Each structure stands twice: as structure tokens, then as C-alpha cells.
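Note sheet for the following structure.
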Amino acid sequence: MVDIARRSLVLGTAAAAGGAVLARGTRASAAAARPVNLELVTVTESAAVLTWYTGEDGTDDGLGRMRPAPADAEVVYGTHPSRLTRTAHGPSGTAYHYVELTGLEPNRTYYYRARSSGRDAAPTWLAAGQAAGTPRGDVFSFTTPAPPPGRHVATIALCNDLHIGETVAGLVGGLPWIKGIEQVPGLRPYPEVMTEALVADARARGATLIVANGDLTAEAGRADVRRVKALLDGFGAYGRGYLVTRGNHDRPHETDHFRDAFFPDGRTYFTRDLPGLRIVALDTYDKPGDGGDAGGLSAEQLAWFEAELRADPDRPTLVVGHHPLFEEESALALTGGRSLDPVQSLRILAAYNRTPGVFLHHAGHTHRNHRSVFPLAPRVVHQEVGAVKEYPGGFALLRVHTEGYAVNFYKTRGDGARAWSERSRQELAGLWPQLSLGNRVTDRNSSARFATAR
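This is the structure in C-alpha cells:
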């Protein structure tokens, strides 16, 4: 663990001191900017998104990382490693770089180099994966997928873990030796910054619906519930522009403010039918408890869920619920409370195996990007999505077609969001990217044909 921390601090050092671009009079020279934390975030059939950070060599922002050094951002790329004939640029004058490559061809392998101030960006080091694509000498590569088959039906932003009202990030599992990260004094609360960026980017990316899948608040206080509703109302009216589920942080306290705001009829789980798509939304903390234990459905909800699937087994169906059924490949599983009750999870998988139309189960709670397929229901992809409120800071865009779908993770792009995302990557003494980004590009980006497609 010590070796991982040392290497993470060397290769992954980057954060915002001050949380914003340095004022013009105090900017470090471009020559001093060192580009680090290169990540291949998004890969679709026609585009790719790369992010990185430039810091000032020899400085410390107080979190063990370099102070921000604004610089230029350039990506050279092409279809042969020795012929990088195309160029894309991101905005200059910032330390938080976001470059999108567009006009790519499906099913093609591309090679690239990302650089600032004439220096190649060093990738985020992952002990069990690759953050920037496949290394090919002094370049990296990635392969675009085929587009989703059939006619486009819907584009939905899937997100989770907004935590409105939270003031300290990274307090994992209540472990007493974990030091959290706070927003830079004087700046707006980071959950609000990140949620506003979510709303703006979901709209810009073409989503017509946001599904906010649990832990919308820190502890479901009245003011926090009202605030998250007001922020999401910026995308559209509740029920039409966005839907919500309950997470363990949204559980009832003395008063159930979350239920009163979003589910006045009292039932916190539901089905929503869209053209060509059914959404089944679960309340995975439909039980008493302090929020730190495993999730669970009431007996009534579980029976309702099975009946819903049985009523139309071939209809393309997205299931959303805050807790994952099972948590694979996680060093944090020892903290407990990381998934649903295992007996209920097995029962749900058995129901999926009888329901060919279920193609995707979206979960949050783990604050990471991770794709799983379980042998008991091999047609269903289980997609955990990184938190909105902290690094990697974003949402998954689900594009549903008549014969298949694609799901792609996007980091949010607002200036404040990019700055906080870089600052909060220092959670767990800089080890947080190891656990949250996703070890494989396919943990963030995947596509498939429906099992029921002809």
C-alpha cells in the first residue's frame, strides 16, 4: 500500500490550490507546467474525451500535489502510431484540460499523444488497469466501437451520489483514520457546483431525461432536499425532465423529507414507460437502519418488482437502484454496507434470467465506474457509475436504440467542476483514482445488442 501511495503521488500529482485558474498576474510560466493525470474518459463510435492537469513543478498545494499552472492543451492523433496527422485543442489559460476528439470512424484503432507546453502528459497510474488507453511506445491507443444498432429511441443521463449538503468529501466507510477533502474557503459548496455542471452537461450532450439514482442528499434534511430539487428542476420538471430514487443517505430520519418531496403518495419505487423503453426504479433502502449496513427491499417491493418484470418480460428494460447487487473487485468491500442484501440479490438475478428484456442495471453507492456481468443472468450488464459530487465527477449517458444501446461516462466540464474534481482526486491520500475511475475503458464505456433484437 505504501508503494502504491508513493507511485500515485509521483504520477498522479495534480490538484487545484485555490480551486480555480490562477489570476493573470500570478500565473506560473508555461515552461514550468508539467502535464499529469492523463485519462481517456470517454470513447464512442465517433468521439473520445481526454482530460489532464498541468501543475507547477516543485510546488505543493497543501494536499501533496502541484499548484495549478495554466497552459495550452493539444492532442495529436491518427490511425497509425507514426502518422499522427490530426490535431485537437482544448482551451488555453487553464490547468484543467478537457479535449474532445470528434469525427472518428467506428471500429477503428486510433493512436494519440496529449501534451501541454510541449511536454507529453503522464497518465494516471492505476495498479490494476490503464487510465489513458493502451501504451504503444510513446503513444497511446484506443479502438472505437460500432454504433448502437437500430433506430435511436432515447438518450438518458444516469447519475448518482450528488450528496447535497455535504461539506467534507472522502470520509469512506466511517474509518477514523481517513482524512477528508474540503472545498477551498470562499468557493461555493462542491456538491452544488458539481450538480449544476451535471445539469448543464446532460443537456449539452442531448439527454432528454436525468435519472438521479440515490444519495441526492447528505442526510435528507429539509433544506438539502429542497435544494437538490431546485437544482434538478433546472433541467426540467420532476417526473418529466428527471426521475429520482432513494439512497441510504436519503433515508427517513425523524421526518421523511425525501419521500414528502418526491413521493407524496408514499410509495418510493415505480415504473416509467417511455417509447421503446421501460424504466423500473427501486428503493434499495426500503427498510429501517442507520444507512451504514447493506441495502434492502421490503417484501412488498420485491414482490412488486418480480411481478413488473413478469408482466412484460421481452420489453427493453432499464432497472435503476442505488445499491449494486454485488460489488466485484473492490478494496473497500471490507467497510461493509457496499451492496444489496445478498439473498435478495440472488432472487433478483433469478428474475433477470427469466426476463430477456432487461439489458442494464444501473447502480451508484460505490462512487466508482465498474461494469459487471454475473453468470446467473448473463444477458444483463450491471453498471456502477462514478459519483457526481467528486472525482471523477460526472454521469453516464445511455443511448437506447431499437436493437441495442451504448453507455458512456462523461466528466462534467464547468470550470469549478473540473477544479473540484482534480482537488478531490486526493481522497484516500491520493489513492482514490485507483478505486473510482474504472480500471478498464469498458468500465466507463460499453455497448451491446439487445437479447430480444431480431
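Add 107 to the 1-based position in the sequence shown for our numbering, that's all there is to it.
We put the CB at the ideal spot given by N, CA and C, even for glycine.
Since the structure is predicted, the reported quantities are computational estimates derived from the model, not experimental observations.
- Collapsing the DSSP output to three states places Tyr-459 in a helix.
- Residue burial is scored here from C-beta neighbours: Thr-161 has at least 16 other C-beta atoms within 10 angstroms and is therefore classed as buried.
- For the 7 Å CB-CB criterion, Val-206 and Ile-271 do not form a contact.
- Under DSSP, Ser-223 forms a beta bridge with Arg-226.
- Sequence-distant partners of Arg-379 (beyond 5 residues in either direction) whose C-beta falls short of 6 Å from its own C-beta, in its chain, are Ile-386.
- Excluding its 5 nearest sequence neighbours in each direction, Asn-355 has C-beta neighbours in its own chain below 6 Å: Tyr-392 and Gly-398, listed in chain order.
- With a 10 Å radius around the Cβ and a threshold of 16 neighbouring Cβ atoms, Glu-436 comes out exposed.
- For the stretch 151 to 186, the full-length beta strand (DSSP E) segments reaching 3 residues or more read 155 to 163 and 178 to 185 along the chain.
- Just measuring C-alpha positions, the residue of Ala-221, Ser-248 and Gly-244 sitting nearest Arg-215 is Ser-248.
- Check the Cα spacing between Glu-289 and each of Asn-546, Lys-496 and Thr-559: the tightest is with Lys-496.
- Within a 10 Å sphere around the beta-carbon of Ser-446 sit 16 or more other beta-carbons, which makes this residue buried.
- Closest in alpha carbon position to Arg-190, among Arg-417, Arg-220 and Pro-296, is Arg-220.
- The residue among Ser-553, Gln-533 and Thr-324 with its C-alpha nearest the C-alpha of Gly-171 is Gln-533.
- The C-beta of Leu-483 has fewer than 16 other C-beta atoms within 10 Å across all chains shown, which makes the residue exposed.
- DSSP lists Val-156 as the beta-bridge partner residues of Glu-207.
- If the five residues before and after Gly-343 are omitted, its C-beta is found closer than 7 Å to the C-beta atoms of Tyr-349, all from its own chain and listed in chain order.
- When rounded, the separation of the alpha-carbon atoms in His-196 and Ser-452 is 46 Å.
- Bridge pairing for Lys-518: Gly-501 [DSSP].
- Note: Asp-380 is bridge-paired with Arg-385 in the DSSP secondary-structure output.
- Short of 6 Å from the beta carbon of Arg-358, and not among the five residues preceding or following it, lie these beta carbons of its own chain, in chain order: Tyr-392 and Gly-398.
- DSSP, read as helix, strand or coil, puts Asn-552 in strand.
- In terms of CA proximity to Val-143, Ala-229 leads the group Leu-157, Glu-212, Ala-229 and Tyr-203.
- DSSP places Leu-453 within a helical segment (H, G or I) once states are collapsed to three.
- Judged by pairs of C-beta atoms under 8 Å, the stretch 507 to 516 does not touch the stretch 524 to 538, as fewer than three such pairs exist.
- In this structure, the straight-line span from the alpha carbon of Arg-374 to that of Glu-510 is close to 32 Å.
- In the structure shown, Leu-483 falls within a coil segment according to DSSP collapsed to helix, strand and coil.
- Excluding the 5 residues flanking it on each side, Val-260 has same chain C-beta neighbours closer than 7 Å at Pro-382, Gly-383, Leu-384, Val-507, His-508 and Thr-509, in chain order.
- Closest in alpha carbon position to Gly-471, among Gly-493, Leu-425 and Pro-198, is Gly-493.
- Residues of the same chain with a CB within less than 8 Å of the CB of Ala-457, apart from the 5 flanking positions on each side, are Leu-483 and Ala-484 in chain order.
- In the three-state reduction of the DSSP assignment, Leu-233 falls in the coil class, being assigned neither a helical nor a strand state.
- For Glu-303, the enclosing alpha helix (DSSP H) stretches over residues 297 to 311.
- At the C-beta level, Gln-408 and Tyr-376 come within 7 Å of one another.
- Listed in chain order, the non-local C-beta contacts of Glu-212 below 7 Å within the same chain comprise Thr-251, local neighbours out to five positions each way being set aside.
- Here Arg-310 has Phe-342 as same chain residues with Cβ atoms under 7 Å from its own Cβ, once five neighbours each way along the sequence are excluded.
- Taking C-beta atoms as the reference points, His-429 and Asn-552 fail to come closer than 7 Å.
- A Cβ-Cβ distance of about 6 Å is found for the pair Val-182 and Leu-208, placing them in contact under the 8 Å criterion.
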